[in-house]
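Take a look at the structure set out below.
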Amino acid sequence: MPHKIKPLPFDKDLIGISKKTLEIHHGKLYAGYVNKRNEVEEKIKTADMTQANATYSEFGELKRQETFAADAMVLHERYFKNLSGPLTISGQAAIPEGKISEQIKKDFGTYENWEQEFKAAGLASRGWVVLAYDFNDGQLRNYSCDVHNVGGIWGSAPLVVLDVYEHAYFIDYGSDRKKYIDDYFKNLNWAEADALFQKLVK
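Each step along the sequence shown adds one to the number in our numbering, with nothing skipped, and position 77 is 142.
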């Protein structure tokens, strides 16, 4: 069954991130990844597997690009879900509550320790920062991914996803990635992330 483009999970104005950025980011870039994933998966069905080899083959290249498009789709959907938050915009970043807050304190010592590491990863990464629940050891971890399909860990699930590719912020912030990251936190929906975390650990 073809993958479908999911609508933005909110209809409110964000702090700092403009509607123009969202129109391009969601309506063109994300939508393009969904469509490309569908295209790649269809082509895999008819690719000549008898010619598969590690240097170059149509089948091999399609399988490599399959993970690129699939991860791009999954990470963007989580990123937009994360931006759906606080119901009342106060201009101040929210802090997590619930089970995810308890787990952050358990795995990072304090919320502040986690935030410092996550933001530093956002400044250092070329693509994504992901707070993931790692089923391999039952811990929350911040993973830095320079490319959609490079840096993720098998057996982990993304909870909080920050897109730091320039397309996510350059229209609104220019090269000021730090301000973009600060505003991302003001838009972050911790309740949604906590609900997903509780679902995963049940």
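From the three backbone atoms N, C-alpha and C, an ideal C-beta is built for every residue, glycine too.
Status (buried if at least 16 other CB within 10 Å, exposed otherwise) for residue i
| i | result |
| --- | --- |
| T153 | Reliability of the predicted coordinates at T153 is poor, the pLDDT of 47 falling under 50, and the value obtained from them is presented with this limitation in mind. Exposed. |
| S240 | exposed |
| K146 | buried |
| A135 | buried |
| N207 | buried |
Rounded C-alpha distance that separates residue i from residue j
| i | j | result |
| --- | --- | --- |
| Y98 | N214 | 13 Å |
| Y245 | Q116 | 46 Å |
| K170 | K251 | 20 Å |
| Q263 | N201 | 17 Å |
| G220 | A233 | 27 Å |
| P67 | P161 | 35 Å |
| A197 | W255 | 14 Å |
| D247 | I82 | 11 Å |
| K69 | L261 | 21 Å |
| D78 | P72 | 15 Å |
Given residue i as reference, the closest of the options once Cα atoms are compared
| i | options | result |
| --- | --- | --- |
| L87 | N103, P67, S149 and E126 | S149 |
| E167 | P72, A258 and K101 | A258 |
| L188 | Y230, I165, K110 and L261 | Y230 |
| K110 | L127, Y95, S122 and N118 | L127 |
| H91 | A137, P223, W193 and E104 | A137 |
Residue interval of the alpha helix (DSSP H) (run including residue i)
| i | result |
| --- | --- |
| W255 | W255 to V266 |
| S166 | K164 to F173 |
| T132 | E123 to N147 |
| K110 | A96 to T111 |
| K89 | In the sequence on display, residue 89 carries Ile and not Lys. K84 to I89 is the extent of the alpha helix (DSSP H) around I89. |
Unbroken stretches of the beta strand (DSSP E), 3 residues or longer, contained in the segment 174-262: 193-199, 204-210 and 221-228
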